[in-house]
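So in the working numbering, the last spot in the sequence shown is 366, and the numbers never skip. We treat Cβ as the ideally placed atom computed from N, Cα and C, and that holds for glycine. These numbers come from a predicted model, not from an experiment.
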Amino acid sequence: MHNRVRETGGRLVRMVKRDEIGRGKALAIRAAALLCAMAVGTLLIVALGHQPLAVYMEMLNGSLGSRTVLTETVKIALPLIFCGIAISIAFRMRFWNIGAEGQLLMGGIAATYVALFHYQHLPRPALLLVMALAALAAGALWGLIPALFKARWGTNETLFTLMLNYIALGYIRYLQTGTWRDPRMRGFPKIASFDLSARLPNVLGVHVGWIVMLALVVLAYLYLTRTKSGFEISVVGQSQPTASYIGMNVSRIVMRTMAISGALAGLAGYFQVAGVNYTLTETTAGGIGFTAITVAWLAKLNPILIVPVAFFIAILEKGAGKIQTTFKIPASAADVLTGIILFFMLGCEFFLQYRLIFRAGRKETL
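So, in structure tokens, the structure goes:
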């Protein structure tokens, strides 16, 4: 009679949430992730026939090497910071706002309307202020729509906010070919450029939005950590039934928070059209709202940490553009290189939250 062998012990690998991780270990994991990303990126660069160190150095030089390129990097980072804060506020409430792209565009549309049709009726300071208020209101409204449907009918906010992005983009295409089309372009679908009075002044080579950004970072941090409203956002995010049980008006909190989130994204649209592009186009957002989701997650929804994370991604984007021209690297390959780095940096966050336990299977003889 032959003996039978049975394997026991359950799963060979299981995932366990970490209770706490020290700063040193967290820093070591992030450093390891960056080194792994650069190692994998090196393989791609070698496959393209280039010297890895030269490419990486050119990325840094192309994004930080001079005052001119540094100001361009800052301009890339600014809307990411505004939208990253907007998304963080909603995500803390576990309202998955994927619509910062559309909210930014709606803010840009509202600001553009004021710039095109009221620049002759208002002095410059008043004009810029009204443009900003219009952008805030439009972004807030675009954020309120999915919040209202979620509060009243329990709709899926992820799909709802995502679809609103395409509605906003479609509206811009309509305006480009319709009533806002610049007649001087001889039929080409383009909205007219802003008058000089509707353009934001520069401070140290960058539009004044960077000063607003610094103030907003501090205010957002204090709002989320030191105010009653911020506490309510955290409670609703942890458990809506608990929030209702202790007397919080969950529907009102959801709508108020999404109005703030949408308004901040709309403000980013204002700075894009009035401080960078001086007009409104289909590429005004250019994926900023989606990239800002990565910014928010890497920063762990902390407004203070959003600033360095946004600058890190801006350096990657600006550097990727530089190596395309210097080394004739295809745009797709440069994007892949950037994606590899972001993939590893996002992946390391998993190991900061969880650890893997490997368990060898046991054998019993029957």
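- Rounded to the nearest whole angstrom, the C-alpha separation of P189 and I21 is 54 Å.
- Beta-bridge analysis with DSSP links I191 to R181.
- Excluding sequence positions up to five before and after R18, its CB lies within less than 8 Å of the CB of L352, Q353, Y354 and R355, all in the same chain and listed in chain order.
- Taking C-beta atoms under 8 Å as the contact rule, R199 and A100 fail to qualify, at a distance of about 24 Å.
- Restricting attention to R94, R14 and L144, the CA atom closest to the CA of A296 is found in R94.
- In this structure, DSSP gives Y354 an extended state, which the three-state scheme calls strand.
- Selection G62, G319, F350 and E349 evaluated against L337 yields G319 as nearest (Cα-Cα).
- In the structure shown, N156 adopts coil according to DSSP, grouped into three states.
- In this structure, the straight-line span from the alpha carbon of I260 to that of R181 is close to 31 Å.
- Assignment of M248 by DSSP, reduced to helix, strand and coil, places it in the coil class.
- The C-beta distance from L148 to M255 rounds to 6 Å, short enough to fall under 8 Å.
- Secondary structure note for V217: its alpha helix (DSSP H) is the uninterrupted segment G209 to R226.
- Per the DSSP secondary-structure output, M15 pairs in a beta bridge with L356.
- With 16 or more other Cβ atoms from the protein chains shown falling within 10 Å of its own Cβ, F271 counts as buried.
- C-alpha of P123 to C-alpha of G209: approximately 20 Å in a straight line.
- Looking at M345, M38, T179 and G262, the one whose alpha-carbon comes closest to that of M59 is M38.
- Taking 9 Å as the cut-off, the beta carbon of L105 is found no closer than this to the beta carbon of T225.
- Straight across, the Cα-Cα distance linking M15 with K25 is about 18 Å.
- As DSSP reads the structure, N61 sits in no beta bridge.
- Here A314 is buried, its C-beta having at least 16 other C-beta atoms within 10 Å.
- Under the DSSP assignment, T279 falls outside any alpha helix (DSSP H); it carries neither an H nor an E label.
- Ranked by how close their Cα comes to the Cα of F344, the residues V40, T112 and A151 have V40 in first place.
- The alpha carbon of L196 has as its nearest neighbour, out of L80, L116, S251 and G108, the alpha carbon of L116.
- Residue pairing for V46: DSSP places it in no beta bridge.
- For the pair of segments examined, the stretch 76 to 90 was found to touch the stretch 275 to 294: the number of CB pairs separated by less than 8 Å reaches three.
- Looking from the CA of I45, the closest CA among G347, F327 and G262 belongs to F327.
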